[in-house]
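Residue numbers (the numbering used here): 21 to 326. The beta-carbon is built from N, C-alpha and C at its ideal position, and this holds for glycine as well. For reference, the structure is listed below as structure tokens.
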Amino acid sequence: MSTKYSTIKTKLRKFSFEHLKASEEPIRMLEYLQAEYPEVIGQARNPDLLAAALAYLYVKKEGLGGRGGITVKKIGEYFGVGPAGITQKVFDLESCFDGDDGLEDEFESLAEFVDSDRFEANGAYWDFLESEATADPKKAIASLEKIVTMDPDFYDPYISLYEYYLQVGDTKRAVETLKTGYERAMKRIAPHGVFPDRIMWYHLENRHIVRLLFNVATMMWTTMGEKLEALKILMQLLHANPEDNIGARYAIVALLEGYATYEDFEKKFEKEGFWDTVLLNTWFEAHAPKHKAFIGWWLEWIAEQM
């Protein structure tokens with residue numbers, strides 16, 4: 021038996037004895053990994069992180085977390101690893117337990133979407149961004165349309181096309197372009213009409229999807245006046261990626277606070293072309309608690325991570 025396996029087992033058993041009433045379930049989960057996915061243990065760079073992730077999976081499954089319970093922060097402090105690392109490792113492990121009857125129902129409810137690598141289209145898009153064509157709207161539109169033809173499910177070019185069409189005054193074409201990208205994206209990530217529980221930003225393959233959804237939401241809010249639809253998409257984004265790298269939480273509260281457009285909101289916190297993050301977070305902390313019906317769950321979640 022490997023040294024890593026023995027180390028993790030010892031640490032898990034100690035944690036279980038001290039905090040989980042000596043439950044053997046975390047050990048069973050480790051044994052399942054050893055039997056079915058030994059490479060997960062063998063390739064673990066940090067045994068403490070893997071042990072912490074297994075402990076947190078068990079805590080989630082048994083409903084032992086939350087306020088007053090065993091938070092990911094507490095687990096991180098016990099094992100000497102960061103909460104963010106534990107959360108990421110948990111998402112990595114979930115697919116391993118899909119075939120384990122004892123945990124299958126739990127992990128089916130955390131269905132995660134990860135897109136394929138769109139290397140060719142992504143490379144062409146970055147080449148475009150570094151080209152002289154970006155300075156000429158007509159040339160830019162032609163270049164971007166070629167990239168869309170190359171891979172219609174790589175969505176960054178749709179966003180740029182939307183911006184260029186607005187620049188030349190073709191609002192109708194701009195809206196149609198972004199809506200086309202949105203329709204294609206939804207057919208892929210939610211083919212049965214059910215939005216996935218996780219579309220995580222830390223998967224590089226997902227970022228073009230997250231960016232598209234965010235831009236569609238702000239377009240609906242700003243250009244089309246469909247604030248309820250915009251709010252729905254922003255809420256979906258936040259639920260699917262609570263770490264919220266895209267800033268959906270700010271947009272949600274801004275929309276609920278009555279900003280006419282997302283651009284109006286941006287201008288309030290923009291300073292020399294960059295966000296004034298101190299001012300932005302001060303504003304958010306003052307206004308978010310007024311909208312707990314929409315974002316209260318996130319405020320509780322982030323408090324658990326502290």
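Looking at residue i: is its Cβ nearer than 8 angstroms to the Cβ of residue j?
i, j, result
"Pro103", "Leu74", "no"
"Ile219", "Leu251", "no"
"Glu99", "Ala72", "According to the sequence shown, residue 99 is Phe rather than Glu. For Phe99 and Ala72, yes; Cβs fall inside 8 angstroms."
"Leu232", "Tyr175", "yes"
"Ile28", "Leu70", "yes"
"Ile106", "Tyr76", "yes"
"Ile167", "Tyr184", "no"
"Gly201", "Tyr178", "yes"
"Leu181", "Leu164", "yes"
"Asp68", "Val92", "no"
"Leu198", "Asn235", "yes"
"Tyr25", "Gln54", "yes"
"Ile61", "Ser36", "no"
"Asn265", "Trp221", "yes"
"Pro216", "Ala260", "yes"
"Thr243", "Glu283", "no"
"Glu203", "Met170", "no"
Could you tell me which residues DSSP puts in a beta bridge with residue i?
i, result
"Arg218", "Glu132"
My output table needs one value for residue i: the three-state DSSP class, helix, strand or coil.
i, result
"Gln175", "The identity of residue 175 in the sequence shown is Tyr, whereas the question assumes Gln. It is coil, neither helix nor strand."
"Val188", "coil"
"Val330", "Because the chain in this structure spans residues 21 to 326, residue 330 falls outside the shown range and cannot be described."
"Val101", "coil"
"Arg193", "helix"
"Glu124", "In this prediction, Glu124 scores a pLDDT of 45, lower than 50, which makes its location untrustworthy; no coordinate-derived value is stated."
"Asp147", "helix"
"Thr23", "helix"
"Met244", "coil"
"Thr91", "coil"
"Arg138", "coil"
"Gly96", "helix"
"Leu74", "helix"
"Gly213", "coil"
"Ser180", "helix"
"Gln63", "coil"
"Tyr202", "helix"
"Lys41", "coil"
"Lys31", "helix"
"Leu84", "coil"
"Tyr57", "coil"
"Ile161", "helix"
"Asp156", "coil"
"Ile106", "helix"
"Trp318", "helix"
Can you find a heavy atom of the ligand HEM that lies under 7 angstroms from the Cβ of residue i?
i, result
"Phe99", "For the ligand HEM, the structure offers nothing, since it holds no ligand at all."
Would you verify that the beta carbon of residue i is, or is not, closer than 8 angstroms to some beta carbon of chain B?
i, result
"Asp137", "Protein chains in the displayed structure number just one, and chain B is not present."
Starting from the N-terminal side, write out each stretch of the beta strand (DSSP E) that is 3 residues or longer and does not extend beyond the segment 249-315. none
Whether or not the segment 221-229 and the segment 288-297 are in contact is what I'm after, with contact meaning three or more pairs of Cβ atoms, one per stretch, closer than 8 angstroms; do they touch? no
Would the segment 291-305 count as touching the segment 251-265 if we require 3 or more Cβ pairs under 8 angstroms? no
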